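Sequences listed follow chains A and B, in order.
The first sequence stops at residue 389 when you use the working numbering, and every number in between is there.
The second sequence stops at residue 389 when you use the working numbering, and every number in between is there.
Every residue, glycine too, gets a C-beta built ideally from N, C-alpha and C.
Everything numeric in this text was worked out from a predicted model, so none of it was measured.
To start, the structure under review is shown below, and the notes come after it.
Number of protein chains: 2
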Amino acid sequence: MTENKVRLGIIGLGAEGGMYAGLIADGKVPNMSIGAISDIDAAKKARADELNVPFYEDYLAMIESGDVDAIVTCVPHYLHPEMGIAALQRGVHTLLEKPVGVYTKQAREVIDLAASKPELTFGVFFNQRTNPLYVDLKNLIDSGELGALRHTSWIITNWWRPQGYYDQSGWRATWGGEGGGVLVNQAPHQLDLWQWMCGIPKSCFAKLSFGFRRDIAVEDEVNALVDFGDGATGHFMTATHDLVGTDRLEILFDKGKIVVDDSKTVTITRLKTSEQELSKSLGMEDVMKLFMGQMDPGEYYETETKEYESVWGLQHATVLQNFAANVLDGTELIAPGPDGINGVRLANAMHLSAWTGEEVDMVDFDEERYLAELNQRIRSEGKFAERS
Amino acid sequence: MTENKVRLGIIGLGAEGGMYAGLIADGKVPNMSIGAISDIDAAKKARADELNVPFYEDYLAMIESGDVDAIVTCVPHYLHPEMGIAALQRGVHTLLEKPVGVYTKQAREVIDLAASKPELTFGVFFNQRTNPLYVDLKNLIDSGELGALRHTSWIITNWWRPQGYYDQSGWRATWGGEGGGVLVNQAPHQLDLWQWMCGIPKSCFAKLSFGFRRDIAVEDEVNALVDFGDGATGHFMTATHDLVGTDRLEILFDKGKIVVDDSKTVTITRLKTSEQELSKSLGMEDVMKLFMGQMDPGEYYETETKEYESVWGLQHATVLQNFAANVLDGTELIAPGPDGINGVRLANAMHLSAWTGEEVDMVDFDEERYLAELNQRIRSEGKFAERS
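Encoded structure:
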């Protein structure tokens, strides 16, 4: 550490890595400096020179150089846990890009290793967890004011990606190169936020369409149901082929309701008493009034609507700053690395359900079966090595 | 027929039957008169006397009296097909209240009988099919302008019913007396409209909660997925315990999108070219622009928003008038009786999936298995006779 700053090693100087480098260079992350940059593309050295930081083509050489206290992995998904393991083994703090792995077995390996090294900070880049809108909702739900979950639905189809996006490189939208489609690449933030707010599902049944409206091997269409236990259920729908995408989240509780439109407008309804108590307290006369349109349900609840501003760059800077603060003084992590496995498991369960036509147990998730099914698809592609 | 009017026999003078009597008496259905009224409650004769029409305690006596050309069945669900069969067998035109049956086997019996009597009019009371909003959408979809279905979701939870509603009578919300909960009583209109517009699903997987937030035997919570084939899927969520209910329908097509809020506000997006063609036509440069926020997707589509007025009474009068017109001059029926089985099958498939934990085949629907499962629940209740 230099001058109470964590020296970050950025692995992969693409769109994300470049953004993080810019945020740190511009002073947006006061407790962090760029320790070094590594990229397999030697041409990226020019940018490292501009920033006046060391450049490595080999990320292992960077980790071992002593130039960095921590790393962030801005590389294809399959590499996240592999590079995390390499860093943790060498005593380097690790911030993994989402997802923390493509399949749970792989995610578990890096999580287990991190657990054995409590002196090292291990985080996952869930920047949406710093979005004030979701922070407020998480706090409201955790306060217990709205009571127990009844049901939820998130339609998140504003991930429009034209065919040209998929044709950019040979690994994209393949089983062997990327390990999935919209569930692995675009929707992990929502898969995380949903479980962060509503809890971890116990089972999942999903309908996915693979190469539905895009010429790809993986899913561009997802319609899924989950079971949270105790009668509470959830629905999740996502796609990359809706030009005028929807982002609409609805969560019903015993004592209230949350509706979020476009990750911007939040409508919170708070019941004055629990809905079940209210239901029991009404007599036949009230029921008649209800049907005659003479009952005003509005007297039983209050509704609040809030608008939030979009703050993308700020989110990423906040995650980096929180990660560095954990390294420096133990400040609680917003997104601890082990949390990352929940989104991976849910995405895996959706794949597995679609492949097998069965409802998938997520409490005792069969990760070997998932890996075998994934490898079968990698084998059929014939372009990438199978995974273990 | 008297003076070119169909003489309707109203079976059951409760809320619905009373409304129909009022509409006809007030001249809102010019091609129909009240032929007679029947009700097992002798006290209802007073209203028949007011209207100056014959009254029967026995509906069969009314059917055989010669006073009526047609009947409508405003009675508990299980009786709809039974009374329809009795009427058709006696040469009387039949308008069944929804649902046309509680289980498909029962619905099929009345539909098969009607098919053998083409000289008789056989309709189902899907008044929502006369709602101008849904008529416009049905015509738009059938025109082919929006292309093939991709996915759809209907959240319809504004069927709030307090416990007092269920406690009104012993048959309500029981397996033997009503045959289901929100799927059989409140949601049949949406189950019909959804399939009318989007097509008939090929399979269904559903999570239902029985007596979830109400003290009832049947379902007050439904979260279901359907498969329309060719990769297109749907989601349907309904409940009777959401005090501030949602009514939101979304349908995505190859060339456009429909969103309906509160069965009132319709937003139609029309793409200038099919989304897949557009996706293929964009090069790497366009993709870069998209990610830089420099691409305006708005240049590729047009959006129209329409508001519709609510017109409940008019809907019911329109169904009666259309039914009578079919009797008198063969005018095409808005809701032919055989269409009624689709909603019954979908509700049955949701029950069966929830009971068995399996995805249910709807093309080759196992109606005997459904009936066996239903009878098992009727037996456990111990209050009503099993069905056959």
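Annotated as distal: Ile342(B) and Phe127(B), with beta-carbon spacing of 9 angstroms or more. Inter-segment contact for the segment 280 to 290 of chain A and the segment 155 to 166 of chain B is present: three or more beta-carbon pairs are separated by less than 8 angstroms. Close to chain B, meaning a Cβ-Cβ distance shorter than 8 angstroms, are the following residues of the segment 236 to 249 of chain A: His236, Met238, Ala240, His242, Asp243, Leu244, Val245, Thr247, Arg249. Within chain A, no C-beta atom comes nearer than 9 angstroms to that of Lys273(B); the closest sits roughly 10 angstroms away.
Counting along the chain, no beta strand (DSSP E) covers Ala218(A), and no H or E run does either. Listed along chain A, the residues sitting closer than 7 angstroms to Ser210(B) by beta-carbon distance are Gly232.
Inter-residue distance for His78(A) and Gly230(A) is about 31 angstroms (C-alpha atoms, whole angstroms). The beta-carbon distance between Thr74(A) and Arg346(A), rounded to whole angstroms, is 20 angstroms. This is too long to meet the 8 angstroms contact definition.
Chain-ordered listing is empty here: chain B has no CB closer than 7 angstroms to the CB of Phe56(A), the nearest sitting near 25 angstroms. With distances taken between CA atoms, His352(B) lies nearest to Leu375(B) out of Leu375(B), Ser170(B), Asp330(B), Val364(B). Taking a Cβ-Cβ cut-off of 8 angstroms, the neighbours of Lys281(A) in chain B comprise Pro163, Gln164, given in sequence order. At a beta-carbon threshold of 9 angstroms, the residues of chain A lying near Asp287(B) are Pro163, Gly165, ordered along the chain.
For a cut-off of 8 angstroms, the C-beta gap from Leu14(B) to Asp40(B) is around 5 angstroms, short enough to register as a contact. Contact between the segment 241 to 258 of chain A and the segment 266 to 277 of chain A is present: three or more C-beta pairs spanning the two stretches fall below 8 angstroms.
Of all alpha-carbon atoms in Ala115(A), Ala37(A), Asn53(A), the one lying nearest the alpha-carbon of Ile64(A) is that of Ala37(A). The closest CA to that of Tyr309(A), considering only Leu138(A), Gln322(A), Met238(A), is found on Leu138(A).
Under the three-state reduction of DSSP, Leu141(A) is assigned to helix. At a cut-off of 9 angstroms between C-beta atoms, Arg370(A) does not count as an interface residue with respect to chain B. For the 9 angstroms CB-CB criterion, Asn224(A) and His94(B) do not form a contact. Contact between Ser154(B) and Gly235(B) holds, with the beta-carbon distance rounding to 7 angstroms and staying under 8 angstroms. The Cβ atoms of Trp176(B) and Ser381(B) lie closer than 9 angstroms to each other. Taken in chain order, the whole beta strand (DSSP E) runs of length 3 or more contained in the segment 190 to 261 of chain B are 204 to 211, 220 to 230, 233 to 240, 248 to 254. Ser204(A) counts as buried, since at least 16 other C-beta atoms from the protein chains shown sit within 10 angstroms of its C-beta. Each residue's CA atom was taken as its position, placing Gly102(B) and Leu184(B) some 12 angstroms apart. Secondary structure of Met33(A) (DSSP, three-state): strand.
Ile156(B) reaches chain A at Ser154, Glu251, counting residues in chain order whose Cβ is nearer than 8 angstroms. Met20(B) sits close to Gly314(B), with the two beta carbons spaced by under 9 angstroms. For Val7(B), the enclosing beta strand (DSSP E) has its first and last residue at 7 to 12.
A distance below 8 angstroms between beta-carbons, with the five flanking residues on each side excluded, links Ile11(A) to the following residues of its chain, in chain order: Gly18, Tyr21, Ala22, Ile35, Ala37, Ile38, Ser39, Ile72, Val73, Cys75. Shown here, Lys384(B) sits in coil according to DSSP, grouped into three states, outside any helix or strand. With the criterion set as a beta carbon lying under 7 angstroms from some beta carbon of chain B, the segment 8 to 29 of chain A has no members that meet it. The C-beta of Phe127(A) comes no closer than 9 angstroms to any C-beta of chain B. With fewer than 16 other beta carbons inside 10 angstroms of its own, Val136(A) counts as exposed.
Three or more beta-carbon pairs separated by less than 8 angstroms link the segment 25 to 34 of chain A to the segment 317 to 335 of chain A, which places the two stretches in contact. Out of Glu359(A), Ala318(A), Val288(A), the CA that lies nearest to the CA of Leu9(A) is found in Ala318(A). The Cβ-Cβ distance between Ala174(B) and Arg130(B) does not fall below 9 angstroms.
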